[in-house]
Amino acid sequence: LQRLDRLFPRTLAGSCVVLTVVVALVLPVVALALRARNGSDGVLAACIAAGICWVASVAALVVAKITTETQLRLAGVFASMALRTGIPLIAAIVLTSTSPTLARGGIFGATVVFYLLTLMLETVLSVRLVNSTSDMSGVS
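Just so we're aligned: 33 in this note's numbering is position 22 of the sequence shown, and the numbers increase by one with no gaps anywhere.
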């Protein structure tokens with residue numbers, strides 16, 4: 012259980028650090044794969060996709076943490092889902108259609124890769140945050 016607490020902290024700041032570290036570790040792998048396929052446009056696409064998905068996940072974590080301690084829990088869940096899904100999806104569609112450089116670089120595919128990664132991580136981290144708030148308030 013202590014190991015789980017180290018990997019997936021129960022604080023917002025710790026959750027954001029874990030998310031940042033994992034995205035930063037995966038970015039070079041995705042960037043190299045896209046570079047091999049699409050040249051320097053692929054590296055740019057990977058970096059932008061990672062940033063978009065990171066921002067969306069951090070925003071979802073913040074909303075989840077803030078609303079967990081209020082009567083707006085359900086609204087917070089829906090808002091987190093909208094941020095987590097909407098920001099990457101809209102950004103990928105807009106960037107693919109407006110930037111030939113990013114489209115050539117594979118921005119849509121890179122966004123899907125980072126979206127799936129951050130979705131998995133952010134879900135686990137959100138559950139830890141919500142449960143830690145429930146534990147502290149005496150509610151199980």
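For glycine and all other residues, C-beta sits at the position ideal for the given N, C-alpha and C. Computed from a prediction, not measured in an experiment: that's the story for all the values here.
Quick one: residues in its chain with C-beta nearer than 8 Å to the C-beta of residue i, no 5 flanking neighbours on either side, listed in chain order?
i: Phe19; result: Ser26, Val29, Val135, Leu136 and Arg139
i: Ala86; result: Thr78
Rounded to whole angstroms, how far is the Cβ of residue i from the Cβ of residue j, which I believe are closer than 8 Å?
i: Val34; j: Ala61; result: 5 Å
i: Gly117; j: Leu45; result: 5 Å
i: Phe119; j: Ala103; result: 5 Å
Using the Cβ count rule (16 or more neighbours within 10 Å means buried), how would you classify residue i?
i: Phe125; result: buried
i: Asn142; result: exposed
i: Val105; result: exposed
i: Gly97; result: exposed
i: Leu36; result: exposed
In chain order, what residues of the same chain lie with their CB nearer than 6 Å to the CB of residue i, ignoring the 5 residues before and after it?
i: Leu94; result: Ala67, Ala70 and Ala71
Under 7 Å Cβ to Cβ from residue i, same chain only, skipping five residues before and after it: list those, please.
i: Arg84; result: Thr78
i: Glu133; result: Leu30, Ser68, Ala71, Leu72 and Arg95
| query | Does the count of Cβ pairs from the region 106-124 and the region 45-62 closer than 8 Å reach three? | reply | The way I'd put it, the region 106-124 does touch the region 45-62; three or more beta-carbon pairs between them come closer than 8 Å.
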